[in-house]
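First residue of the sequence shown: -19, per the working numbering; consecutive thereafter. Here a beta-carbon is modelled for each residue, glycine too, at the ideal position from N, C-alpha and C. Values in this document were obtained by computation on a predicted structure and should not be read as measured data. Below: one structure, written as structure tokens.
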Amino acid sequence: PPGRPPPAALSWLQVPLGDASVDVAVFCLSLMGTNLREILEEANRLLRPGGTLLVAEVASRFPDVRTFVGAVTQLGFKIVSKDLANNFFYFFEFSKTGRPHAGATLPGLQLRPCLYKKR
């Protein structure tokens, strides 16, 4: 529309919003970086206490769902629900419980690359 600025490319590491300013953060097929800790710490910064973090990712990217969920909980979230019934996609809902645990090592916070089949 006329008078509106065009959409801007943003980094998930420096979202220009204030602390605790959003109710929901959604990652849908978007956790492609190698810096997942920083990305999820930024989501934690943006979310209000009790805010919702939604993650939908390709199932084959998870080497171990339990360690992934454990790592996310170390970043100040608790698991509310997970849906692993689909063979292609996993869905997670987390709730913000506090700040990330400083210095926590998070080996479970790694996802495999997304592989595509030749057609």
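Residues sharing a beta bridge with residue 7, DSSP: 35
Candidates 84, 96, 80: closest to residue 21 by CA position: 80
Residue 131 (DSSP reduced to helix, strand or coil): Here the chain has residues from -19 to 99 only, and residue 131 is not among them.
C-alpha distance - residue 61 paired with residue -18, whole-angstrom precision: 42 Å
Reduced DSSP category for residue 1 - H, G, I as helix; E, B as strand; rest coil: coil
Sub-7 Å separation of residue 6 and residue 34 beta-carbons: yes
Proximity winner among 45, 11, 74, relative to residue 65 (alpha-carbon distances): 45
Host beta strand (DSSP E) of residue 57 (start-end): 57 to 63
Where residue 40 sits in the DSSP three-state scheme: helix
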